[in-house]
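Number of protein chains: 4
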Amino acid sequence: MKTIQRADIDDARTILAAARQAATEMNVPVCIAICDEAGDLIAFERMEGAKASSAEIAIDKAFTAASTRKGTHELANAAQPGQPAYGVWTAANGRFMIIAGGIPIFHADTVIGAIGVSSGTPDQDREIAQTAAREWAAQNP
Amino acid sequence: MKTIQRADIDDARTILAAARQAATEMNVPVCIAICDEAGDLIAFERMEGAKASSAEIAIDKAFTAASTRKGTHELANAAQPGQPAYGVWTAANGRFMIIAGGIPIFHADTVIGAIGVSSGTPDQDREIAQTAAREWAAQNP
Amino acid sequence: MKTIQRADIDDARTILAAARQAATEMNVPVCIAICDEAGDLIAFERMEGAKASSAEIAIDKAFTAASTRKGTHELANAAQPGQPAYGVWTAANGRFMIIAGGIPIFHADTVIGAIGVSSGTPDQDREIAQTAAREWAAQNP
Amino acid sequence: MKTIQRADIDDARTILAAARQAATEMNVPVCIAICDEAGDLIAFERMEGAKASSAEIAIDKAFTAASTRKGTHELANAAQPGQPAYGVWTAANGRFMIIAGGIPIFHADTVIGAIGVSSGTPDQDREIAQTAAREWAAQNP
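Residue numbers (my numbering), protein chains in the order written: chain D, 372 to 512; chain E, 372 to 512; chain B, 372 to 512; chain U, 372 to 512.
Next comes the structure, spelled out in structure tokens:
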């Protein structure tokens, strides 16, 4: 057996609140999903004005970031035509989402969960997710 | 055009908190999903100890209750062998969930959203969902 | 709760008729789908001679335009290799359709539904959809 | 954060070897899947003579047992017509497998993984899985 560390509901709420605040400051309503290190959803909110169809995209960005231990923007690069991960979007029954906005949450070099943000531009989604991840990391050194 | 009323993020948080409290009092950790009247997810939490696989089930129970304007326990009856809705579980690409625990939220005889609860027994899930729906209705006459 | 406006069956028939007329004048038989602002289908017709497989494509174009609040031709651009939405086609269980021909219907800056057209060339589909959307907007200032 | 225990590759090999030996003694070639507590596959073998289509079934039995923290034969009962979990087979995109042969692996009352066996009769599959689970438990008190 091995022992692993995993985000719990308190972590999820903390990360979600940080993302919501960053989105509010940027005036970009978004869907925010927090999952554990296995990619399973812990908490989710769709802010007023965010697109309903972005809910699943946010959840899948979080799943993909936890699963691959990478920001989804890195996958976007690796999945371009001619690049090694070209075609990776079919993985996990089509749940792999290669658009920026999914960010893994690390603790001591290990992924303990991930955040996925969607409904803004991919750059905005990524900034919100990274801000939330950074704040959690600062509070959990 | 027509004008409809729909649960917003504040409603979702209120209903989710009521469900969480009911679950805590019953000592049954559950996944709780709140969706709008179109079945699109607004808010979700997986309580500490609830099964990860119940996340999707809770979301789909909420979707099914909003979509059918019925508690999922009513569908369970209608979908028994020999009954008229036998086989309905394939609907919406398999998202129709006919196990108790999904309850529509009504306002003035109109569905404005739904709650889905999963990880307890179906009876427990239903009781938690109904308690939350009843509390919201009492606060929004 | 919040109040939203949504296309009803009369709007759907008006938009569908306008699209049919535009298609007839262009001599391009098409599938025409009208959905509400949540992406759920309200009305559909496959004109004599239109491809049967275009039915689902038209429905998904309407769904995508309503969901993203954008014409699907804009998504076609944003989803090119190297662009920010590259990979978005997997969203909503593969229902996101990024080919021209899906157009959201706006009323006072809010999406109240969408039209999807398919079976012609993407440019023809888009022209038919835009003509119908424009006519409805002119009648509903 | 929370700390959890999870089957590792050594556990998976031990459980798989015990299942293979039980199957050999019963002269029933089977597919054997071992997953971790999140339902993700760790090890798999298809014995000579086992049905190829049983591979996915074994994997899904293990997934279901880990996810529900129950033997899949218990779900078979709970999902009968008129029973509370009737309809549960659609869960997880249809991956919930309610046929006997999936057994969770417990350590100190916590699920740390699961085994799924398929290709024999459901009773044989269950016996092989339970034998393997029992042996691992005896070695890991």
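Here a beta-carbon is modelled for each residue, glycine too, at the ideal position from N, C-alpha and C.
Distance cut-off 8 Å: residue i Cβ against heavy atoms of the ligand COA
{"i": "D407 (chain D)", "result": "This structure lacks the ligand COA; in fact it carries no ligand of any kind."}
Chain B residues whose Cβ lies nearer than 8 Å to that of residue i
{"i": "M372 (chain E)", "result": "Q376, R377, A378, D379, D382, H478, I483, N511"}
{"i": "I470 (chain D)", "result": "P455, A456, Y457, G458, V459"}
{"i": "T322 (chain D)", "result": "Since the first residue of chain D shown is 372 and the last is 512, residue 322 (chain D) is not available in this structure."}
Inter-residue CB distance, residue i and residue j (contact presumed, cutoff 8 Å)
{"i": "A421 (chain E)", "j": "H444 (chain E)", "result": "That pair is no contact at about 20 Å."}
{"i": "A437 (chain B)", "j": "V488 (chain B)", "result": "Contact flag wrong, Cβ pair sits at about 14 Å."}
{"i": "A503 (chain U)", "j": "I386 (chain U)", "result": "5 Å"}
{"i": "R377 (chain U)", "j": "M372 (chain D)", "result": "7 Å"}
{"i": "C406 (chain D)", "j": "S490 (chain D)", "result": "Not confirmed; about 17 Å, so no contact."}
{"i": "A390 (chain U)", "j": "I499 (chain U)", "result": "5 Å"}
{"i": "A463 (chain E)", "j": "A429 (chain E)", "result": "Rounded, the Cβ-Cβ distance is 16 Å, inconsistent with contact."}
{"i": "Q451 (chain E)", "j": "P452 (chain U)", "result": "5 Å"}
{"i": "G484 (chain D)", "j": "D382 (chain D)", "result": "7 Å"}
{"i": "D411 (chain D)", "j": "A423 (chain E)", "result": "4 Å"}
{"i": "A535 (chain D)", "j": "F415 (chain E)", "result": "Residue 535 (chain D) lies beyond the stretch modelled for chain D, which goes from 372 to 512, so this question has no answer here."}
Range covered by the alpha helix (DSSP H) that runs through residue i
{"i": "A404 (chain U)", "result": "No alpha helix (DSSP H) holds A404 (chain U); the beta strand (DSSP E) holding it covers 402–407."}
{"i": "E498 (chain D)", "result": "493–510"}
{"i": "A394 (chain B)", "result": "380–397"}
Partners in chain D for residue i, counting only beta-carbon separations shorter than 8 Å
{"i": "G349 (chain B)", "result": "Residue coverage of chain B in this structure runs from 372 to 512, which leaves residue 349 (chain B) outside it and unanswerable."}
Start-to-end residues for the beta strand (DSSP E) that takes in residue i
{"i": "K373 (chain D)", "result": "373–377"}
{"i": "E416 (chain E)", "result": "412–417"}
For this session: Counting only runs of 3+ residues fully inside the region 436–491 of chain E, write out the beta strand (DSSP E) ranges in chain order.
Result: Here the runs fully enclosed are 473–478, 481–489.
Problem set entry | chain E contacts made by the region 395–427 of chain B, where a contact means CB separation under 7 Å | So the list reads A409, D411, given in the order they occur along the chain.
Exercise. When Cβ atoms are compared, which residues of the region 455–468 of chain E fall closer than 7 Å to chain B?
Worked result: For the region 455–468 of chain E, which is checked against every Cβ of chain B, the residues closer than 7 Å are N464.
Exercise. Got a sec: which bits of the region 437–448 of chain D sit with their beta carbon under 7 Å from any beta carbon on chain B, in order along the chain?
Worked result: Those residues of the region 437–448 of chain D placed with their C-beta closer than 7 Å to a C-beta in chain B are A447, ordered along the chain.
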